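Letter by letter, the sequence shown follows residues 3 to 195 of the working numbering.
For glycine and all other residues, C-beta sits at the position ideal for the given N, C-alpha and C.
This one's a predicted model, so the numbers in the text were calculated from it and none came from an experiment.
The next block holds one structure in the form of structure tokens; read it before the comments.
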Amino acid sequence: MRRSTVTALTATLLLALPLQLAGCAPSTSARPAAPAETSTMEDPTPEADRRVLETSGPLSDALSSDPGFGGIWVDDDHTVHVVMTAERLGGAQDIARYAFADGPPTAIPFEVGQHTYEELVARRDEISELLPPLRAQGIGVSQWGPDVELNAVYVMVVDLEEGDEQTIHEVLGDDVVVLEDEAPEGEPFSGRW
């Protein structure tokens, strides 16, 4: 599902501190929204934002230190999703129930992920060390990082050409999601999330 940039930024800012204190990074999807994804939101109201805040904060506080925590992400409908590894899913759902004295302000979908957020960050760091050979071959990796929604690490490439994806997988591994960077001309961005 697509997430709006506004929602993703709001959730990122509000989740960053509790997750950093727990040893995690902000937990919205790190994959940047494409320009077409930033123009609409299903419910761009203060009420929708309030629900996100009232849901994501307690969830982050309760679950971010769990060894099976895969992250939290927010979709276009302002629904907060929790990703957990299979062996920790049941316990996480119980913990989440207790995080809300009167019940959560909205339904909270729990999803099974193969990787924890900590593992995704470690994989991102490995990829950081492997980028120079790709860049030496003219492959313009502009961004890379964890994508909580996909439960994978992505690399974003400027001017993705035929054969680049295969080369990227040969160097970085088949578990990496390759996306084309459609950044506006003259606005280069390079970094990791």
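Hey, how far is the Cα of residue i from the Cα of residue j?
i: Ala50; j: Ala98; result: 20 Å
i: Trp146; j: Tyr156; result: 5 Å
i: Ala138; j: Ser62; result: 40 Å
i: Arg126; j: Pro148; result: 7 Å
i: Leu136; j: Glu128; result: 14 Å
i: Glu164; j: Asp96; result: 47 Å
i: Pro48; j: His80; result: 11 Å
i: Asp177; j: His171; result: 8 Å
i: Leu91; j: Leu162; result: 37 Å
i: Thr87; j: Leu122; result: 12 Å
i: Asp77; j: Ala103; result: 24 Å
i: Glu89; j: Phe112; result: 13 Å
i: Gly124; j: Val54; result: Note that residue 124 is Ala in the sequence shown, not Gly. One C-alpha to the other measures close to 28 Å.
i: Gly105; j: Thr169; result: 49 Å
i: Pro134; j: Ser144; result: 12 Å
Here's the rule I'm using: 16 or more other beta-carbon atoms within 10 Å means buried, otherwise exposed. How should residue i be labelled?
i: Pro69; result: exposed
i: Val179; result: exposed
i: Ala109; result: exposed
i: Glu184; result: exposed
i: Ala64; result: buried
Which residues in the same chain have their Cβ closer than 8 Å to the Cβ of residue i, if we skip the five residues on either side of it in sequence?
i: Leu132; result: Val173, Leu174
Given residue i, which residues of its chain have a CB within under 6 Å of its CB, disregarding the five upstream and five downstream residues?
i: Leu181; result: Tyr156, Met158
i: Gly73; result: Ser29, Val85, Tyr119, Val150
i: Arg52; result: none
So, for residue i: in the same chain, excluding its five sequence neighbours on each side, which residues have a beta-carbon less than 7 Å away from its beta-carbon?
i: Asn153; result: Gly72, Val85, Gly115, Gln116, His117
Measure the beta-carbon distance from residue i to residue j and round it to whole angstroms, keeping in mind my assumption that it falls under 8 Å.
i: Ala101; j: Pro60; result: 4 Å
i: Glu56; j: Pro107; result: 5 Å
i: Val160; j: Gly142; result: 4 Å
Could you name the residues that DSSP lists as bridge partners for residue i?
i: Glu113; result: Val85
i: Phe71; result: Met86
i: Gln95; result: In DSSP, Gln95 forms no bridge with anything.
i: Pro148; result: Val155
Taking 7 Å as the line, does the beta carbon of residue i fall inside it for any heavy atom of the ligand PLP?
i: Val150; result: With respect to the ligand PLP, the structure offers nothing, as it holds no ligand at all.
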